[in-house]
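With the working numbering as the guide, the letters of the sequence shown map in order to residues 375 to 533. Note that the Cβ used here is the ideal one computed from N, Cα and C, for glycine as well. Being a predicted model, the structure only gives us computed values, none of them experimental.
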Amino acid sequence: MKMVAVIVAVSSLIMTPAVVLAAGTGHSHDGDLAYGEPGDPSKPSTTIEIRMSEADDGKMLFEPDRITLKRGQQVRFKLKNRGEIDHEIVLATFEENMKHAIEMQKNPDMEHDDPNAKRLSPDQEGEIVWRFTKAGEFDFSCLIPGHRESGMTGTIVVQ
Ligand SMILES: [Cu+2]
Numbered sequence: 375m376k377m378v379a380v381i382v383a384v385s386s387l388i389m390t391p392a393v394v395l396a397a398g399t400g401h402s403h404d405g406d407l408a409y410g411e412p413g414d415p416s417k418p419s420t421t422i423e424i425r426m427s428e429a430d431d432g433k434m435l436f437e438p439d440r441i442t443l444k445r446g447q448q449v450r451f452k453l454k455n456r457g458e459i460d461h462e463i464v465l466a467t468f469e470e471n472m473k474h475a476i477e478m479q480k481n482p483d484m485e486h487d488d489p490n491a492k493r494l495s496p497d498q499e500g501e502i503v504w505r506f507t508k509a510g511e512f513d514f515s516c517l518i519p520g521h522r523e524s525g526m527t528g529t530i531v532v533q
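#1: Have a look at 440, 451, 446 and 526 and flag the residue whose alpha-carbon is nearest the alpha-carbon of residue 461.
#2: When DSSP labels each residue in this structure, what does residue 502 get in the three-state scheme?
#3: Name the DSSP beta bridge partners of residue 507, please?
#4: Near ligand 1, which residues have their beta-carbon less than 5 Å from any of its heavy atoms, given in chain order?
#5: Can you give me the Cβ contacts of residue 455 inside the same chain, cut-off strictly under 7 Å, excluding the 5 residues immediately before and after it?
#6: Just how far apart, CA to CA, sit residue 489 and residue 430?
#7: I need the straight-line Cα distance from residue 440 to residue 408, nearest angstrom please.
#8: So residue 408 is in the alpha helix (DSSP H); what residue range does that whole segment cover?
#9: Would you mind reading off the limits of the beta strand (DSSP E) that contains residue 491?
#10: Where residue 401 and residue 443 are concerned, what is the direct C-alpha to C-alpha distance, given to the nearest angstrom?
#11: Count the other CB atoms, across all protein chains shown, that sit within 10 Å of the CB of residue 423; report buried if there are 16 or more and exposed otherwise.
#12: Exposed or buried, which one is residue 469 when buried takes at least 16 other CB atoms within 10 Å?
#13: State the CB to CB distance for the pair residue 504 and residue 413, rounded to an integer number of angstroms; the pair is presumed to be in contact (CB under 8 Å).
#14: Starting from residue 472, follow the alpha helix (DSSP H) in both directions and report where the run begins and ends.
#15: What do you get for residue 416, buried or exposed, if any count of 16 or more other CB atoms within 10 angstroms of its CB means buried?
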């Protein structure tokens with residue numbers, strides 16, 4: 375009798391240190407999220423523009439894909455979809471976004487209307503105001519099936 379080795383494909387992303395940081399953070403209530411809280415648009419914030427697009431080689435990207443902030447900083451993300459298809463941005467811990475990505479594969483039409491997420495059609499612009507109350511490394515990704523896998527992900531480092 376032959377032994378059949380079952381190899382579970384594990385995305386290389388799962389092995390990044392971010393998963394260690396994110397370990398143990400489950401779902402929590404607003405105001406007690408591991409990655410901060412919805413911002414107050416009437417308060418001062420740092421504006422950061424994030425563009426979403428597709429490249430000729432099939433890659434999909436956020437520009438920039440790495441943002442460094444200080445704890446307590448409030449950011450007004452100005453989002454611009456410069457691509458030819460819909461994109462979204464979901465801000466969360468790496469672990470939450472990985473879980474969420476699996477749910478999106480089951481329900482690709484899932485729409486997001488949360489303070490930490492925005493879906494934009496081509497040429498559309500949008501905004502997220504978020505306050506980063508905790509230090510750590512967080513994830514922003516497009517969770518439309520196939521997009522994160524094509525490169526549509528970025529990291530926010532809160533010092
Ligand atoms: Cu996308």
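On the basis of the supplied data:
#1: Residue 461 has its Cα closest to that of 526, out of 440, 451, 446 and 526.
#2: strand
#3: Checking the DSSP bridge columns, you'll see residue 507 has no partner listed.
#4: 461, 516, 518, 521 and 526
#5: 426, 461, 494, 495, 496, 497 and 498
#6: Approximately 31 Å, taken between the alpha carbons.
#7: 18 Å
#8: Segment: none, residue 408 is in no alpha helix (DSSP H) and carries neither H nor E.
#9: That run of the beta strand (DSSP E) goes 491–494.
#10: With a pLDDT of 45 at residue 401, under the threshold of 50, the modelled position of this residue cannot be trusted; read the value that follows with caution. Cα to Cα, residue 401 sits roughly 23 Å from residue 443.
#11: exposed
#12: buried
#13: 5 Å
#14: 468–480
#15: exposed
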